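Each remark here refers to the structure printed beneath this line.
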Amino acid sequence: MLPDPLYCQNNCGRYYTGKKRKSSLKRHITYECGYDYDQSKKTRYFCPNNCGKSYKFSNTLNRHVKYECGDLRKFNCPCCSKAFKQKSAMQGHAATIHKCLIK
Numbered sequence: 016m017l018p019d020p021l022y023c024q025n026n027c028g029r030y031y032t033g034k035k036r037k038s039s040l041k042r043h044i045t046y047e048c049g050y051d052y053d054q055s056k057k058t059r060y061f062c063p064n065n066c067g068k069s070y071k072f073s074n075t076l077n078r079h080v081k082y083e084c085g086d087l088r089k090f091n092c093p094c095c096s097k098a099f100k101q102k103s104a105m106q107g108h109a110a111t112i113h114k115c116l117i118k
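Under the working numbering, residues 16 to 118 are what the sequence shown spells out, in order.
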């Protein structure tokens, strides 16, 4: 059974799970929700798919949604049909495992 998540008491929406959740929450409160924390650094772009990821820059969020969020494995290796989220990962797999170059 997973331990209950710990939520930030500053109502910022952050919560932590896992073995190091207490230290992660303490670090978050100290450096992100503390009184001296710069307001401009609080601007985060949250994933619309509710996966829990957030990013400082909108272009990083867009890349996450396009290539990483969910299980959208669009690129299949032509040799073994293994699926990848990014074309470059599939090309690297083909080059190292199958010793072939794919454009």
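Ideal Cβ placement from N, Cα and C applies to all residues, glycine included.
Remember, predicted model here, so these are calculated numbers, not experimental data.
Is the CB-CB distance between residue 115 and residue 94 below 8 angstroms?
-> Taking the sequence shown and counting its residues from 1, one reaches residue 115 at position 100. Taking the sequence shown and counting its residues from 1, one reaches residue 94 at position 79. With contacts defined as CB atoms closer than 8 angstroms, residue 115 and residue 94 qualify as a contacting pair.
Own chain partners of residue 104 with C-beta closer than 7 angstroms, once the 5 adjacent residues on each side are dropped | Within the sequence shown, numbered from 1, the residue matching residue 104 stands at position 89. Answer for residue 104: no residue qualifies.
Got a sec, what are the start and stop residues for the alpha helix (DSSP H) residue 44 sits in?
-> In the sequence shown, the residue the question calls residue 44 occupies position 29. From DSSP, the alpha helix (DSSP H) with residue 44 extends over 36-46.
Just the C-alpha distance for residue 76 and residue 43, rounded to the nearest angstrom, thanks.
-> Here residue 76 refers to the residue found at position 61 when the sequence shown is read from its first residue. Here residue 43 refers to the residue found at position 28 when the sequence shown is read from its first residue. Computed Cα separation, rounded: 20 angstroms.
Whose C-beta lies closer than 7 angstroms to the C-beta of residue 61 among residues of the same chain, with five residues either side of it excluded?
-> Taking the first residue of the sequence shown as position 1, residue 61 is located at position 46. Hits under 7 angstroms: 69.
6 angstroms CB neighbourhood of residue 30 in its chain, flanking five on each side removed | As a first step, residue 30 is located in the sequence shown; it is residue number 15 there, counting from the start. Once the five neighbours on either side are set aside, the close Cβ partners of residue 30 are 20 and 22.
So the alpha helix (DSSP H) residue 107 belongs to, where does it begin and stop?
-> Working through the sequence shown from its first residue, we reach residue 107 at position 92. It spans 102-112 - the alpha helix (DSSP H) in which residue 107 sits, taken as one unbroken run.
Could you tell me which residues DSSP pairs with residue 91 in its beta bridges?
-> The count along the sequence shown starts at 1 and reaches residue 91 at position 76. 98, per the DSSP bridge assignment.
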